[in-house]
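Visitor: Here you go, one structure.
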Amino acid sequence: MLFINRFDAGMKLAKKLEKYMNQDGIILAVPRGGVPIGYYIARYLNFNLDLLMTKKLGHPFNEEFAIGAVGLEGAIVEETGGISPEYIERETSNIQKQLKERYKKFMGEKEPLNIEGKIVIVVDDGVATGRTILATLKMLRNKHPKKLVVAVPVASEQAAERISKEVDEFICLYTPTPFYGVGRFYENFAQTTDEEVIELLKELNSRNDAA
521 MLFINRFDAG MKLAKKLEKY MNQDGIILAV PRGGVPIGYY IARYLNFNLD LLMTKKLGHP
581 FNEEFAIGAV GLEGAIVEET GGISPEYIER ETSNIQKQLK ERYKKFMGEK EPLNIEGKIV
641 IVVDDGVATG RTILATLKML RNKHPKKLVV AVPVASEQAA ERISKEVDEF ICLYTPTPFY
701 GVGRFYENFA QTTDEEVIEL LKELNSRNDA A
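With our numbering as the guide, the letters of the sequence shown map in order to residues 521 to 731.
Structure follows, in structure tokens:
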């Protein structure tokens, strides 16, 4: 399976989420690549769209190895063996500051939406290892959503298996083997810019405000 671009992937995913249409729910899109997908799904389902601002907390000796994830309001640390609490506290604080600055850039003065009691659908343009999103899901669970769903166009089999165990529903259109990276399954995988994210959010918010 090959998606034309992120909007094409979003349209295909939206059809699989049709049963949630017009319910009390929120799309949480991972910026930046998840936003075009989240935009289309939010329009199709008549959901609000917000950003899932998280970043992996890297190991002090290998930044690519995630020991947890940091969000706007908290963090989940899964591996602490041999890692100083000072490092975790410092890195968490630095990452949260970065995330808050980026959220403000994208959303202005808007506060993150309250997900308690809502159907929450997390979307991205694909998942390779799933380590960061798994820690993120634990943070979201702590906010007591009614239902937690992850929907992505493509994922590795390993990530799909792990995520499926942590959510109420996992929807993925394609789990290829071997998995060579998310971008290999798009004809156009051009980087989504900050400006595109801001424009999509502005257009959708103005549509919702007028409704």
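We treat Cβ as the ideally placed atom computed from N, Cα and C, and that holds for glycine.
All values derive from a computational prediction rather than experimental measurement.
Would residue 704 be called buried (16 or more neighbouring beta carbons within 10 Å of its own) or exposed?
Guide: When all chains shown are included, residue 704 counts as exposed.
Visitor: If I follow the unbroken beta strand (DSSP E) through residue 736, where does it start and stop?
Guide: Residue 736 cannot be examined here, being either before or after the span of the chain that is shown, 521 to 731.
Visitor: Measure the C-alpha to C-alpha separation of residue 640 and residue 561 and round it to an integer number of angstroms.
Guide: Answer to the nearest angstrom: the Cα atoms are 12 Å apart.
Visitor: What did DSSP end up calling residue 639 once you bin it into helix, strand or coil?
Guide: Note: residue 639 maps to strand in three-state DSSP.
Visitor: Go through its chain and collect everything with a Cβ distance to residue 586's Cβ below 6 Å, but skip five positions before and after it.
Guide: Within the same chain, residue 586 has close Cβ partners 576, 651 and 652.
Visitor: From residue 534 to residue 708, what does the alpha carbon distance come to, in whole angstroms?
Guide: Using only the alpha carbons, I get a separation of about 19 Å.
Visitor: I'd like to know whether the C-beta atoms of residue 694 and residue 521 end up nearer to each other than 8 Å.
Guide: Closer than 8 Å, so yes.
Visitor: Around the C-beta of residue 713, are 16 or more other C-beta atoms found within 10 angstroms, so that it is buried, or is it exposed?
Guide: Under this definition residue 713 is an exposed residue.
Visitor: Does DSSP classify residue 686 as helix, strand or coil?
Guide: In the structure shown, residue 686 sits in coil (DSSP, three-state: anything other than H, G, I, E or B).
Visitor: Can you tell me which residues form a DSSP beta bridge with residue 597?
Guide: Paired residue(s): 588.
Visitor: Whose C-beta lies closer than 7 Å to the C-beta of residue 715 among residues of the same chain, with five residues either side of it excluded?
Guide: Cβ within range, chain order: n/a, list empty.
Visitor: Counting only the same chain and skipping the five closest in sequence on each side, list residues whose C-beta sits under 7 Å from that of residue 612.
Guide: Around residue 612: 577, 590 and 595.
Visitor: Within 10 Å of its beta-carbon, does residue 673 have 16 or more other beta-carbons around it, so buried, or fewer, so exposed?
Guide: Burial call: buried.
Visitor: With C-beta atoms as the reference, is residue 525 less than 8 Å away from residue 546?
Guide: Result no, Cβ atoms of residue 525 and residue 546 do not sit closer than 8 Å.
Visitor: Would residue 643 pass as a contact of residue 549 if the rule is Cβ separation under 8 Å?
Guide: Yes.
Visitor: Looking only at its own chain, which residues have a Cβ that is under 6 Å from the Cβ of residue 551, when we skip the five neighbours before and after it?
Guide: Once the five neighbours on either side are set aside, the close Cβ partners of residue 551 are 571 and 717.
Visitor: Can you look up residue 628 in the DSSP assignment and give me helix, strand or coil?
Guide: The answer is coil: DSSP assigns residue 628 none of H, G, I, E or B.
Visitor: With DSSP collapsed to three states, give me the class of residue 524.
Guide: Three-state result, residue 524: coil.
Visitor: If the criterion is Cβ atoms closer than 8 Å, does the pair residue 635 and residue 665 meet it?
Guide: Yes, Cβ-Cβ distance for residue 635 and residue 665 is below 8 Å.
Visitor: Taking the alpha carbon of residue 597 as the reference point, which residue from 566, 657 and 559 has its own alpha carbon closest?
Guide: The candidate whose alpha carbon is nearest that of residue 597 is 657.
Visitor: Three-state secondary structure (DSSP) at residue 706?
Guide: In this structure, residue 706 counts as strand in the three-state DSSP scheme.
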